[in-house]
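S.K.:
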Amino acid sequence: MKFDVRVSLIAVATLLATFLVASAQEKPQEKPQDKPQEQPQGKSQDKPAAAGPIHLQQGWSEATVDRWHFISQGTALIPYEWFVALEQPGQQAGQTALIKAPENLQRLGFLTEPVSATNPDGLAIGLYSTPVDIPDGRHACWKGNWLGLGCAGCHTGQVSYRGQQIRIEGGPAHIDIDAFVGQLVGSITAVLQNQDGAAQRFMARVKAPPADVQSGLQCFGGVLQAAARFNQVVGGNSGDTAGGAGRLDAHGAGLNQLLAGPFRLMTDPADFGETRNYAHLTAPVRYPALWDTPRFSWVLYNASIRQPLTRNIVEALGVLAPIKHDATMITPDVMHGIQMENVVWGQRRLMDLRSPRWPEAILGGLDQKRALRGQLVYLSACANCHEAAPGEAASGSCSEIQIPLVDLRKVGTDPEQATTFNGRRIALSKIGGPDAMSNYKAAEALTGNIAAQWIARSKDNAAGAAEINCGRPNQFRAPLAYRARPLNGIWAMAPYLHNGSVPSLHDLLLPPGQRPKTFYVGNWEFNPDIVGYDMKAQTPGAFLFDTTIRGNSNAGHLYGTDMTEDDRNALIEYLKTL
Ligand code: HEC
Ligand code: HEC
């Protein structure tokens, strides 16, 4: 997650002062004629009569799916009441469509859902409202509800085929976080600068006391300015590789978020945070699929984190869960806003999540004879690294799936995720810690404290942690290697490789020189023949993936690339059955 500001924020403060005076006099919230045109809520899908997306049997009840989609993990991006009132930035004069409008959220890659008890504003999977009361950094600006991004936002996929949508629970999402954050920052800036009356319209829409909104905005303006100053010092986003739709440099961005900019930012304006802890983002990765991961011996593409609880803690902090950025951060008394019970609930449910089976009724029947031939190809070319499909574990059992690792030089795919994870150093001297340590050791220490603090609080907490951790200790490491995951459900995980650089299974089984050099990510329309999305066309919001950019290489993984087209297609037919 980045709150880096690409928009120029110079002069925000003076404009802000003018606006505050002006809007205080006008009391716009009492003028109903200022009410914006609301976007219709809920689904804006093409076919009005469609019954909504199909859910495959993945081991979850309807109630679990619904709760997983909208449960808070405590991450908090901007005040919730503001979010539902913000306009899309950069619209033509007179147009006031909101960011939360379903068409806009869909362009940003979100899967929108109709209004329901768990989704009262008809937003999208993974977006929720969560209360925050931790006075630190941006979170000091608003005591109340915040917009959060949950696990399901990055970990729910879809396959569309001939007008039918199929939800893939735990599958890779398409959301473009940079574009989303860019809209939030652009829109708040428009309010702060009162561009074309944006401030009056905003104030009229926000359902909160105007005085609170105004002081909150002023505070937020300060945060954005501080972020802009920090950005100038560290050289902005130059040198970053855009993640675009469906990808995020989770490790790199999370550490920037947690340990670089926010350090003492608000208490001392002359202090630029810890610039030494900032790193440019060169390793965006495709959101991984979550089925079976609770049993993986190590998770992440580089098999670097062992324990589910501390993994989830570090993720929540990287996605802007509030935490007090001071010396307590590295003590057993951390003050943070992660909703530990919910995180543990989600991880428990993931233990029951099954990979989706190829829906023959929708995507076409499988040719069993061809698949059988493909299985022989698989056994000779793939089975020594990839388990085909691990057997289901008995509920509550702790059987582990040992994940094989392949050295970077051997697998030959883009090295950035593993090398940046391995090489990044962190200074904690501003909060009383060491002046240089490896980033993953810092993460291990911090998350270990947070876990221990929570576990000590009650017997139930301790039992919950034990259940999801299955005896795995809190360990982080940084092998220069990638793991070979089991291939069940692989048909629903395009684009392929850790960095999403190969559009389809068929492309992956071609020599790298014949794989597409550029393609568009963001379309959900599926092509069952090549097993991937239709990435030739530029659909609304689609991101142009360029494999020549740093971090985006589509090289390597030469396994099976020299087989005949017949064998290749037989192998693909087999992979569909997993
Ligand atoms: C902002 C997007 C985002 C959110 C929110 C998010 N994740 Fe992830 N998650 C990722 C990315 C990206 C990776 C891959 C990181 C890597 O390997 O470098 C990942 C990796 C994982 C992995 C390891 C998967 C593997 O293949 O080894 C698990 C398990 C996981 N996430 C679970 C969760 C859970 C549980 C939550 C909520 C508590 C969550 N994630 C929230 C983006 C997200
Ligand atoms: C020597 C070990 C090895 C062999 C043999 C091998 N793979 Fe892989 N495979 C890997 C590794 C390691 C990765 C992760 C590479 C990455 O993400 O950069 C991977 C990734 C993949 C992926 C992408 C997974 C994802 O998350 O997108 C697919 C699909 C795949 N392999 C299929 C196959 C098939 C099919 C074969 C047989 C033709 C095969 N592999 C043979 C090691 C192997």
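For the sequence shown, the residue numbers in mature numbering (1 follows the signal peptide of the UniProt record, and there is no 0) are -24 to -1, 1 to 554.
Here a beta-carbon is modelled for each residue, glycine too, at the ideal position from N, C-alpha and C.
Please read these numbers as outputs of a predicted model, since none were measured by experiment.
1) Based on Cα-Cα distance, which residue from Gln169, Ala221 and Gly527 lies nearest to tyrosine 496?
2) Out of curiosity, what's the CA-to-CA distance linking glycine 215 and isoleucine 525?
3) Can you tell me which residues form a DSSP beta bridge with isoleucine 299?
4) Could you name the residues of the same chain whose beta carbon sits closer than 6 Å to that of arginine 282, not counting the 5 residues immediately before and after it, in chain order?
5) On the DSSP letters alone, give me the boundaries of the alpha helix (DSSP H) that valine 210 sits inside.
6) Just to confirm, are valine 382 and leucine 125 a CB contact at a threshold of 8 Å?
7) Kindly identify the DSSP beta-bridge partner or partners of serine 105.
8) Start and end of the alpha helix (DSSP H) containing tyrosine 56?
9) Using 7 Å as the cut-off, classify the Cβ of tyrosine 509 as near or not near the heavy atoms of ligand 2, replying yes or no.
10) Using a Cβ-Cβ cut-off of 6 Å (strictly less than) and excluding sequence neighbours within five positions of leucine 554, which residues of its own chain qualify?
11) At which residues does the beta strand (DSSP E) containing phenylalanine 521 begin and terminate?
12) Would you tell me roughly how many angstroms separate the C-alpha atoms of aspartate 542 and alanine 337, rounded to the nearest one?
13) Look at residue 556 and leucine 329 and say whether their C-beta atoms are less than 8 Å apart.
14) I'd like the span of the beta strand (DSSP E) that includes alanine 403, first residue to last.
15) Could you tell me which whole alpha helix (DSSP H) segments of length 4 or greater appear in the stretch 223 to 284?
16) Based on the DSSP secondary-structure assignment, which residues constitute the bridge partners of arginine 413?
17) Please report the residue range of the alpha helix (DSSP H) in which glutamine 436 lies.
18) In whole angstroms, what is the alpha-carbon distance linking valine 157 and lysine 300?
19) Pull up the distance between the alpha-carbon of alanine 27 and that of tyrosine 56, whole angstroms please.
20) Given a cut-off of 8 Å, decide if alanine 297 and methionine 469 are closer than it, judged by their beta-carbon atoms.
21) Tell me which same chain residues have a C-beta within less than 7 Å of the C-beta of glutamine 134, skipping the five on either side of it?
22) Report the start-end ranges of each alpha helix (DSSP H) in the stretch 478 to 517 that is 4 residues or longer and not cut off at the edges.
23) Is the stretch 506 to 514 touching the stretch 470 to 489, taking contact as three or more C-beta pairs under 8 Å?
24) Under the criterion of a Cβ to heavy atom distance below 7 Å, does cysteine 358 qualify as lining ligand 2?
25) Closest to alanine 69 by C-alpha separation, out of Arg324, Gly173 and Tyr550, would be which residue?
26) What would DSSP say about histidine 362, mapped onto helix, strand or coil?
27) Leaving aside the five residues before and after threonine 94 along the sequence, list all residues of the same chain whose C-beta is less than 6 Å from its C-beta, in chain order.
28) Report all residues from its chain with a CB closer than 7 Å to the CB of proline 308; omit the five preceding and five following residues, and keep chain order.
29) Ligand 1 heavy atoms versus the CB of threonine 515: any closer than 7 Å?
30) How many Å lie between methionine 316 and isoleucine 444 at the Cα?
31) Find the nearest neighbour of valine 320 within the set Ala438, Ile164 and Asn530, judged by alpha-carbon distance.
32) Could you tell me which of Glu79, Phe59 and Gly98 sits nearest to threonine 165, measuring between CA atoms?
33) If you compare alpha carbons, which of Ala100, Arg271 and His256 is closest to leucine 81?
34) Using the Cβ count rule (16 or more neighbours within 10 Å means buried), how would you classify arginine 114?
35) Mapping DSSP to helix, strand and coil, what is aspartate 538?
36) How long is the line joining the alpha carbons of alanine 347 and tryptophan 44, rounded to whole angstroms?
M.R.: In short:
1) Ala221
2) Taking the straight line from one Cα to the other gives about 10 Å.
3) His312
4) Trp274, Arg448 and Gln451
5) Residues 186 to 210.
6) No, these two residues do not count as a Cβ contact at 8 Å.
7) Leu123.
8) 56 to 59
9) No, the Cβ of tyrosine 509 stays beyond 7 Å of every heavy atom of ligand 2.
10) Ala364, Ala365, Leu463 and Asn464
11) In the DSSP annotation of this structure, the continuous segment of the beta strand (DSSP E) that includes phenylalanine 521 starts and ends at 519 to 522.
12) 24 Å
13) What is shown of the chain runs -24 to 554, which leaves residue 556 out entirely.
14) Where alanine 403 is concerned, there is no enclosing beta strand (DSSP E), given that its DSSP letter is neither H nor E.
15) For the stretch 223 to 284, whole alpha helix (DSSP H) runs of length 4 or above, ordered along the chain, are 226 to 231.
16) Sequence inspection shows methionine at residue 413; the arginine mentioned does not correspond to that position. According to DSSP, which records beta bridges pairwise, methionine 413 is partnered with Ile402.
17) In the sequence on display, residue 436 carries aspartate and not glutamine. 435 to 445 is the extent of the alpha helix (DSSP H) around aspartate 436.
18) 22 Å
19) Going by C-alpha positions, alanine 27 is about 29 Å away from tyrosine 56.
20) no
21) Pro29, Leu87, Gln141, Ile142, Arg143, Ile144 and Trp500
22) 481 to 484
23) yes
24) yes
25) Gly173
26) coil
27) Asp42 and Phe46
28) Asn425, Ala428 and Gln429
29) no
30) 12 Å
31) Ala438
32) The shortest Cα separation from threonine 165 among Glu79, Phe59 and Gly98 belongs to Phe59.
33) Ala100
34) buried
35) coil
36) If you take the alpha carbons of alanine 347 and tryptophan 44, they lie about 34 Å apart.
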